[in-house]
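Everything in the sequence shown is counted per the UniProt record's numbering, starting at 1 for the first residue and increasing by one.
What follows is a set of notes on a single structure, which appears directly below.
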Amino acid sequence: MSELNKLTSHTKQGIMQELLEAVSESYQDLTPEGDHPSLQEISDQFDLNPLKVRKLLITAGVYESAVSDKVNRLFQSGKSIQELMDETGLSRASIHSYLPYVKAAYKGAETSETAERIRKYRERKRRLKALKEDMTEENLWNSVVAFQSYPFRTLSGLPFKYTLKAGRSGRLTKELWIDRRENSKSLAWSSVMLAFRNAQEIRGELERPKALGDIRGISYIYPIFWRFGIIRVPEKNAIQMEIQQRRTRKIE
């Protein structure tokens, strides 16, 4: 193997190890109730398929379940993938997601894309930590910038992302462009700040978006503020804002 190929292989191995550590760190970042985040939530953070997230967590040795134990026990006893499918009733993709990666599989990683996923995760976590410690407009703005293209869902279940555009000076303008399935719309920063000020005066859980005020675009601000930890919502609302829209696609 040439020195260049050795370096490339080493880089890919290092990036994959960083991804394993970052995904594991996210999984072990427990909620206030002491629960692990869902596979879907981690999937959103890293823009990865939930099945791949589970495979990474199993590879890292931090994910356990009765199904995982059974699949790995049978596989280690010499059962084929097809035999595992027949015995468990799981799909081929799901079976593979319960088996850890082997070293050879790391070589197929898209190094630059994986590195970017890790960078985004670290940056978002850092910005939210700063916001939690000091609820200022500057920290809110930095968090908004970091979460561009993150998959949010409204309380009614509508998936959306937002982006920020650069002005003539090259600096980002303080206007969120909401990208919905049907079309796009803008969300003024003044609306975000009005909701932000109201949120800081409210105690307890917010049952509905308009509890923050009759503000234009509040149905989008509500899930963003919940994700940022600015507001608390009832558990049923949190579940609704976490679920996948393709409900027929079950994470086995």
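The beta-carbon is built from N, C-alpha and C at its ideal position, and this holds for glycine as well.
In this text, all values refer to a predicted model and were calculated from it rather than measured experimentally.
For T163, the enclosing beta strand (DSSP E) stretches over residues 159-166. Under DSSP, no beta-bridge partner is assigned to L57.
The Cβ-Cβ distance between A22 and L51 does not fall below 9 Å.
Assignment of alpha helix (DSSP H) within the region 34-99, counting only whole runs of 4 or more residues, yields 39-46, 50-60, 66-76, 81-88, 92-97 in chain order. Ranking L164, G170, R168, W189 by CA distance to the CA of W177 puts L164 first. Between Y162 and Q45, the alpha-carbon positions lie close to 15 Å from each other.
According to DSSP, L172 shares a beta bridge with A166.
Only exposed fits A166, as fewer than 16 other CB atoms lie within 10 angstroms of its CB. Here D47 has R117 as same chain residues with Cβ atoms under 7 Å from its own Cβ, once five neighbours each way along the sequence are excluded. For the pair R232 and E205, the CB atoms are nearer than the 9 Å cut-off.
Around the beta carbon of P209, 16 or more other beta carbons sit within 10 angstroms, so the residue counts as buried. Measuring C-alpha to C-alpha distances from I58 to each of T88, S80, V102 identifies V102 as the nearest.
With fewer than 16 other Cβ atoms from the protein chains shown falling within 10 Å of its own Cβ, R73 counts as exposed.
The three-state reading of DSSP puts E205 in strand, counting E and B together. Setting aside the 5 residues that flank it on each side, E207 is surrounded in the same chain by P234, each with a C-beta closer than 7 Å to its C-beta; the list follows chain order. DSSP, read as helix, strand or coil, puts F225 in helix.
Following the DSSP letters along the chain, one finds K210 in no alpha helix (DSSP H), marked with neither H nor E.
Under the 10 Å beta carbon count, T154 is surrounded by 16 or more other beta carbons and is classified as buried. For G213, the closest C-alpha among the options E83, N142, R197 is that of R197. Contact between V53 and Q28 fails: their C-beta atoms lie close to 13 Å from each other, not under 8 Å.
With fewer than 16 other Cβ atoms from the protein chains shown falling within 10 Å of its own Cβ, A66 counts as exposed. Looking at the DSSP output, D29 bridges to nothing. In this structure K120 is buried. Its beta-carbon is surrounded by 16 or more other beta-carbon atoms within 10 angstroms. With respect to the 9 Å criterion, F228 and L128 are classified as neighbours on the basis of their beta carbons.
Under the three-state reduction of DSSP output, S186 falls in the strand class. A straight-line Cα-Cα distance of about 24 Å links R171 and F160.
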